[in-house]
Amino acid sequence: MYRNVEENLKKWEKSVTKKPLVISGARQVGKTYSILKFAKENYKSYLYVNFERDLDIKNFMDKTANPKEIISYLEIAYPQINFEEGKTLIIFDEVQACPQALTSIKFLGSETKYDYIVSGSLLGIAIKHTSSYPVGYVESIEMKPMGFDEFLKAMNLKDQVILQLKDYFEKGEPVNEMLHKKFMEYFRTYIIVGGMPEAVKCYVKTKDFMAVRKIQRQIVEDYYRDMAKYAEAKDKIKAHECFSSIPLQLSKDNKKFQYKLVRDGGNARHFETSLQWLKDSGTIHFCHRLKCIDTPLQAYKEQSVFKIYMADTGLLVSQFDESIMKELLKNELGVYKGAIYENITAQMLIKNHHDLYYYEPTTRSEIDFILQEKGNIIPMEVKSGNNTRAKSLHAYVEKYNPVKAYRFSTRNVNAEDPIIKNYPLYMMMFV
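The numbers in our numbering rise by one with no breaks, and the one at position 366 of the sequence shown is 366.
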C-alpha cells in the first residue's frame, strides 16, 4: 500500500546534505514496511537490524560507539551483505531496545559513507534513556496512522479524484450529491477501520469488519505488552489503567480527562508520568484547553486541563461494543458519537501537523478545536450529523471576529457565509 512518507524518503535519499534519518511513530503504523520497501527500490544493498531480535548486535552496540568497530562487526556478522559506500543503506529498527544506538548514529553518520535509517516504536522513550541524543546530526520524520487520503488510495481511488475534492474545498463549491454520499460512506468506513496498515489491508482484502476488529484488538494488546516491557516499574500498571480509561473518558458529555475515572482517588501526581509515557510512545494525543484566545496558542494552554485522544480512531472503536460499528455506518450513534467524531478530527489534525487545543468560554459552551493558520486563530466545530446549529461557534465569531471559522458535518459544502465555512467531514483532510 502506498504511504505518503515514500515521497519524504525519496527526497531524503537525493539530498546532498543528507544526514542519518530517524523515523518515529507508534507500533504498527507501518514504519518497517515503508522503510524496507524504500530500501529495496532505491539501494543496491541494505542491512536490516532489529534490536529486539538481533541481541548479539544490541549487546555489542551497548558497549561501543566507535564507528569503525561497529562497521567491522556488521561486516563480519553479515558476510552476505555487499557493503558499498554510497550504495548501501543500514537500518537500525526497534531502537528502543538499544538506546545507545542513537548515540552511535552521530558518529556513524559523520565518519562512514553509508546511509542510515533509525526507527523505533517507542523512540520517545528511547531518547530519555540514551546518554547523548544526536541533536543536529540527524534528520527526523514521524509516521502517523494512514490518513484518509491514503485510505482512499488503498481502496483504489485515483489521485485525481482526491485532487478534485481538494479543488472543491479550496473553491468552496459543493460536491456532486451522489459523490458526496459515497465519500461519507468511505469516511465512516475509515473511522471504523482506522489507519493501521494491517487493519486497512485486511479490510481492502476481505471487507470484513470483524476480521479488522480482531487485528485492532491485537494491536491494543501489543501496546499493553510494550507498557509492561518498557515503562518504568512505577508506571507499568498506571499507564495500562490510563490507556484503558480513554473510551470512558471520551464518552462523557464533558470529555476533560479525569483522574478519578482511572482510579478512585487518583490525581495528577499519581498519573502524570504514566500519561507522558503514553504520549512519548505515540499512542495518545493531548488536547489542552486554552485560557484565552491569543497568539501564540501554546503560551495560553492550561497544562492541567486537557482531553486525551487515541492516535488511531479505529483502535478506539474496537474498544466499544460491536454494535457501535453498525450504528456508525448508519450514522445512528448515541452516546459515543462525540467521542468518535472528536477523536477522528484530532487524528486528522495531527496528521496535518496541527497542535490540539480547545476553548471553553463558559461552562455551557465549548469550541471543539482551535487552530492556528498563518498567524490567524481559526475556530473549528465538528458535528456528527446534519444539524449544523452551533451557538458556541456563532458567539465566538461575534466576539473575536476571526478571518474564518470551520464547521464540519455530514452536509455538503456551503461556503456562502463570509466567515463560517461549512464542509463535509471527509474534507478535514485538507485543513
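Glycine is no exception: its CB is placed at the ideal position from the N, C-alpha and C atoms.
Asked, Found
"Quick one: give me the first and last residue of the beta strand (DSSP E) that S409 is part of.", "A405 to S409"
"Give me the residue from I192, E6, I76 and L157 with the minimum Cα distance to K337.", "I192"
"What does the alpha-carbon distance come out to for the pair S140 and G147?", "19 Å"
"Given a cut-off of 8 Å on the beta-carbon distance, is the pair F183 and P424 in contact?", "yes"
"Given that a residue counts as buried once 16 or more other Cβ atoms are within 10 Å of its Cβ, and exposed if not, what is G86?", "exposed"
"Our contact map puts G120 next to Y137 with C-beta atoms below 8 Å; I'd like the distance itself, whole angstroms only.", "17 Å between Cβ atoms; not a contact."
"Using DSSP's beta-bridge definition, name the partner residues of Y423.", "F408"
"Between V29, Q28, L9 and T32, which has its C-alpha nearest L21's C-alpha?", "L9"
"How many angstroms separate the CA atom of E381 from the CA atom of K19?", "41 Å"
"Count the C-beta pairs between the segment 59-74 and the segment 225-237 that are closer than 8 Å, then say yes if the count reaches three, no if not.", "no"
"Which residues share a DSSP beta bridge with S365?", "T362"
"If contacts are defined as beta-carbon pairs under 8 Å, then S281 and A97 qualify, I think. What distance do you get, rounded to the angstrom?", "The pair is not a contact, with the Cβ atoms about 14 Å apart (cut-off 8 Å)."
"Here's the rule I'm using: 16 or more other beta-carbon atoms within 10 Å means buried, otherwise exposed. How should G385 be labelled?", "exposed"
"Using CA coordinates, which residue listed in Y114, E322, S72 and T64 is at the minimum distance from T103?", "T64"
"Using three-state DSSP, classify F169 as helix, strand or coil.", "helix"
"Excluding sequence positions up to five away, which residues of its chain have a Cβ less than 8 Å from the Cβ of V175?", "L165, Y168, F183, N412, V413 and P424"
"Please classify T17: is it buried, with 16 or more other beta-carbons within 10 angstroms of its beta-carbon, or exposed?", "exposed"
"In its own chain, which residues sit with a C-beta less than 8 Å from the C-beta of F430, not counting the 5 before and 5 after it?", "L165, K166, F169 and E170"
"Terminal residues of the continuous alpha helix (DSSP H) containing K337?", "K337 to K351"
"Hey, how far is the Cα of K58 from the Cα of Y224?", "24 Å"
"Can you tell me whether R389 is helix, strand or coil according to DSSP?", "coil"
"What is the DSSP secondary structure of V16, counted as helix, strand or coil?", "coil"
"Check the C-beta distance from K255 over to K307 and give it rounded, since I have them as a contact under 8 Å.", "5 Å"
"Comparing C-alpha positions only, which one of Y73, K391, K44 and Y2 sits nearest to L157?", "Y2"
"With distances taken Cα to Cα, identify the nearest neighbour of I127 among I105, P99, D115 and P145.", "P99"
"Have a look at Y241 and G266 and give me their C-alpha separation to the nearest angstrom.", "This sequence places Glu at residue 241; Tyr is not what is there. Those two C-alpha atoms are separated by around 11 Å."
"Considering P67, what are the terminal residues of the alpha helix (DSSP H) in which it resides?", "P67 to A77"
"Go to K301, then tell me how far its beta strand (DSSP E) extends in each direction, as first and last residue.", "K301 to M310"
"On a CA-only basis, which of V204, K31, P134 and P379 is nearest E94? Give me that one, please.", "K31"
"Can you grab the Cα-Cα spacing for the pair E75 / F83, in whole Å?", "7 Å"
"For S318, which residues from the same chain have a beta carbon less than 6 Å from its beta carbon, with the 5 sequence-adjacent residues on both sides left out?", "R213, Q216 and R217"
"In the structure shown, what three-state DSSP assignment does L21 receive?", "strand"
"Among residues of its own chain, excluding the 5 on either side of Y78, which ones have a beta-carbon nearer than 7 Å to its beta-carbon?", "L47"
"Can you tell me whether M429 is helix, strand or coil according to DSSP?", "helix"
"With DSSP run on the structure shown, which of helix, strand or coil describes D93?", "strand"
"I'd like to know whether the C-beta atoms of S45 and I23 end up nearer to each other than 8 Å.", "no"
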